[in-house]
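Position 71 of the sequence shown, counted from 1, bears residue number 71 in the UniProt record's numbering, the numbering being contiguous throughout.
Yeah, the Cβ is synthetic: ideal placement off N, Cα and C, and Gly gets one too.
For clarity, every value in this text was computed on a predicted model and none was experimentally measured.
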Amino acid sequence: MNHWLVKSEPFKYSWDHLVAEGEGMWDGVRNYAARNNLMAMKVGDPVLFYHSNEGKEVVGLAKVSKEHYPDPTTEEPGWVVVNLVPVEKFPNTVTLAQIKKDELLKQMDLVRLSRLSVVPVKREEFDHIVALAHDKK
Numbered sequence: 001m002n003h004w005l006v007k008s009e010p011f012k013y014s015w016d017h018l019v020a021e022g023e024g025m026w027d028g029v030r031n032y033a034a035r036n037n038l039m040a041m042k043v044g045d046p047v048l049f050y051h052s053n054e055g056k057e058v059v060g061l062a063k064v065s066k067e068h069y070p071d072p073t074t075e076e077p078g079w080v081v082v083n084l085v086p087v088e089k090f091p092n093t094v095t096l097a098q099i100k101k102d103e104l105l106k107q108m109d110l111v112r113l114s115r116l117s118v119v120p121v122k123r124e125e126f127d128h129i130v131a132l133a134h135d136k137k
């Protein structure tokens, strides 16, 4: 099982949008590295949902519900989408500022490859973010 993080600007597609839909199609990816990450996702893989630009924070946990298939939003061949379902809105968000200060997290692909909208997350990074999101401050 792999672990992932997807980024979306909340005004375009937020956590609340995903929850309202019940299952969302992760579309519009036009970066080859991010596309390759989508193609590596498997049903059941856990996914951290990150709000970019506004908030800059991990807000919830989703999982892959359908593996990659052609992106219906474009006629260009080779672009793919996956489907995600919401699992849990986190009681506490985990901000980019927190991530950058945390010794275990500051080398995450979220920080190092900040332009990518879909990045892999190491198991220990994933577990640490989930723990921070459930921390009773």
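Residue range of the alpha helix (DSSP H) that includes residue i
| i | result |
| --- | --- |
| Glu124 | Arg123 to Ala133 |
| Met39 | Tyr32 to Ala40 |
| Glu23 | Careful: Glu23 lies outside any alpha helix (DSSP H) and carries neither H nor E. |
| Val111 | Asp109 to Arg112 |
First through last residue of the beta strand (DSSP E) which encompasses residue i
| i | result |
| --- | --- |
| Glu88 | Val80 to Thr95 |
| Val43 | No beta strand (DSSP E) contains Val43, which DSSP labels as neither H nor E. |
| Leu5 | His3 to Ser8 |
| Val29 | Element bounds for Val29: n/a, residue is neither H nor E. |
| Gly60 | Glu57 to Pro70 |
CA-to-CA distance, residue j to residue i, given in whole angstroms
| i | j | result |
| --- | --- | --- |
| Ala33 | His134 | 31 Å |
| Ile99 | Lys56 | 10 Å |
| Met108 | Tyr13 | 23 Å |
| Asn2 | Leu48 | 12 Å |
Closest Cα partner of residue i within the set the options
| i | options | result |
| --- | --- | --- |
| Tyr69 | Glu76, Leu61, Glu75 and Val80 | Val80 |
| Glu67 | Val59, Val43, Leu61 and Val87 | Val43 |
Expected contact under 8 Å - CB spacing of residue i and residue j to nearest Å
| i | j | result |
| --- | --- | --- |
| Tyr50 | Val6 | 7 Å |
Beta-ladder partner(s) of residue i, from DSSP
| i | result |
| --- | --- |
| His17 | Paired residues: none, contrary to the question. |
| Leu48 | Leu5 and Leu61 |
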